[in-house]
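Asks:
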Amino acid sequence: MIYGERIRLRASERDDLILFNAWLNDPEVRDNLLLYLPLSLAEEEHWFESMLQLPPPEHVLVIEIRQGEVWKSIGNCGFNHIDWRCRSGEIGIFIGDKSLWNQGYGTETTRLLLRHGFKTLNLNRICLRVYETNLGGIRAYEKASFVHEGRFRQAEYRNGSYIDVLLMSVLQSEYRE
Ligand SMILES: CC(C)(COP(=O)(O)OP(=O)(O)OC[C@H]1O[C@@H](n2cnc3c(N)ncnc32)[C@H](O)[C@@H]1OP(=O)(O)O)[C@@H](O)C(=O)NCCC(=O)NCCS
0 MIYGERIRLR ASERDDLILF NAWLNDPEVR DNLLLYLPLS LAEEEHWFES
50 MLQLPPPEHV LVIEIRQGEV WKSIGNCGFN HIDWRCRSGE IGIFIGDKSL
100 WNQGYGTETT RLLLRHGFKT LNLNRICLRV YETNLGGIRA YEKASFVHEG
150 RFRQAEYRNG SYIDVLLMSV LQSEYRE
């Protein structure tokens, strides 16, 4: 487990896939991710098996919040494209339970991934990509100290329009817990 103030991150299990599948088939969640097609459980299972073949630091982590005595899964997150020579990696996050958006969990998850990336994985650079239309995501990443680094113009096509993809990052030298 990786513990934050209100959340914890745990390893994902096959049993989580039904929940992941329900979240990722919600257009409001999916529209801000790389996905753009309905996702079957079989595809989700295939993704899970492929994910297990990746190096352990790139395995997906489940975001949980405490509700009384139990921990409730609310989304997932993790690192990908880790380059161990350059010590850089990219993060991805989603809170699948929409009723919990705008309550600071995205920001806290981002901060926890930064701590994990810099203090455990010993990365030097952590970046992410976010659609220009994802104002809540951009705000959460800014609050977690990500800085704007660049813009891939019209790199994505959503809902009939080309949109820019923003690149944001934090360097280890800039990182403050
Ligand atoms: C993006 C996401 C992770 C953010 O998580 P979250 O828990 O809602 O984020 P937080 O509550 O920590 O921060 C959101 C901030 O954006 C603000 N915000 C939300 N919608 C906004 C809008 N339309 N315009 C401006 N600010 C907005 C919130 O008010 C909040 O800021 P505040 O705390 O200063 O008030 C979550 O919304 C999500 O999973 N969305 C679907 C998938 C996704 O977008 N993943 C990220 C892909 S890069």
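Read in order, the letters of the sequence shown correspond to residues 0 to 176 in numbering that gives the first Met the number 0. Using N, Cα and C, we set each Cβ at its ideal position, and we do this for glycine too. Just so we're clear, the structure is a prediction, and the values are computed from it rather than from any experiment.
#1: Quick check: what's the CA-CA separation for histidine 58 versus glycine 95?
#2: Residues in its own chain within less than 8 Å of leucine 120 by CB, not counting five upstream and five downstream?
#3: What residue does the beta strand (DSSP E) around histidine 147 start on, and which one ends it?
#4: Please indicate yes or no: does the CB of lysine 142 lie closer than 7 Å to some heavy atom of ligand 1?
#5: On the DSSP bridge assignment, give the partners of arginine 9 in chain order.
#6: Would you mind working out which of Leu8, Ser39 and Ile6 sits nearest tryptophan 22, comparing C-alpha positions?
#7: Is it right to say tyrosine 2 is buried, meaning 16 or more other beta carbons lie within 10 angstroms of its own, or is it exposed?
#8: Cβ of isoleucine 92 within 7 Å of any heavy atom in ligand 3?
#9: Quick check on this structure: which residue in Tyr130, Phe145, Gly135 and Glu131 has the alpha carbon closest to the alpha carbon of leucine 112?
#10: Taking the continuous alpha helix (DSSP H) assigned at tryptophan 22, which residues delimit it?
#11: Is it the case that the Cβ atoms of asparagine 133 and asparagine 31 are separated by a distance below 8 Å?
#12: Examine ligand 1 and report whether any of its heavy atoms sits within less than 7 Å of the Cβ of leucine 16.
#13: Using a threshold of 8 Å, state whether the C-beta atoms of leucine 122 and arginine 86 are closer than that.
#14: CA-CA distance, valine 164 and histidine 147?
#15: Which residues does DSSP pair with aspartate 82 in a beta bridge?
Replies: Put simply:
#1: The sequence position of residue 58 within the sequence shown is 59, counting from 1. The sequence position of residue 95 within the sequence shown is 96, counting from 1. Approximately 18 Å between the Cα atoms of the pair.
#2: For the purposes of this step, residue 120 is taken as residue 121 along the sequence shown, with counting starting at 1. For leucine 120, where only same-chain residues beyond five positions count, the Cβ hits under 8 Å are Pro56, Phe78, Ile81 and Gly88.
#3: Along the sequence shown, read from residue 1 onward, the residue named residue 147 stands at position 148. From DSSP, the beta strand (DSSP E) with histidine 147 extends over 146-157.
#4: The count along the sequence shown starts at 1 and reaches residue 142 at position 143. Indeed, a heavy atom of ligand 1 lies less than 7 Å from the Cβ.
#5: Position 10 of the sequence shown holds residue 9. DSSP lists Val61 as partners of arginine 9.
#6: Position 23 of the sequence shown, counted from the start, is the residue given in the question as residue 22. With distances taken between Cα atoms, tryptophan 22 lies closest to Ser39.
#7: Here residue 2 refers to the residue found at position 3 when the sequence shown is read from its first residue. Exposed, because fewer than 16 other Cβ atoms sit within 10 Å of the Cβ of tyrosine 2.
#8: This structure lacks ligand 3; the ligands present are ligand 1.
#9: Here residue 112 refers to the residue found at position 113 when the sequence shown is read from its first residue. Nearest C-alpha to leucine 112: Phe145.
#10: As a working mapping, residue 22 is identified with position 23 in the sequence shown. Taken as a continuous stretch (DSSP letters only), the alpha helix (DSSP H) holding tryptophan 22 covers 16-23.
#11: As a first step, residue 133 must be located in the sequence shown, where it is residue number 134. As a first step, residue 31 must be located in the sequence shown, where it is residue number 32. Result yes, Cβ atoms of asparagine 133 and asparagine 31 sit closer than 8 Å.
#12: By 1-based counting over the sequence shown, the position of residue 16 is 17. Not under cutoff, so the answer is no.
#13: Stepping through the sequence shown from its first residue, residue 122 is reached at position 123. Stepping through the sequence shown from its first residue, residue 86 is reached at position 87. It is a contact, given that the beta carbons lie within the stated cut-off.
#14: Residue 164 sits at position 165 when you count from the first residue of the sequence shown. Residue 147 sits at position 148 when you count from the first residue of the sequence shown. Cα to Cα, valine 164 sits roughly 11 Å from histidine 147.
#15: For the purposes of this step, residue 82 is taken as the residue at position 83 of the sequence shown. Bridge partners of aspartate 82: Ser87.
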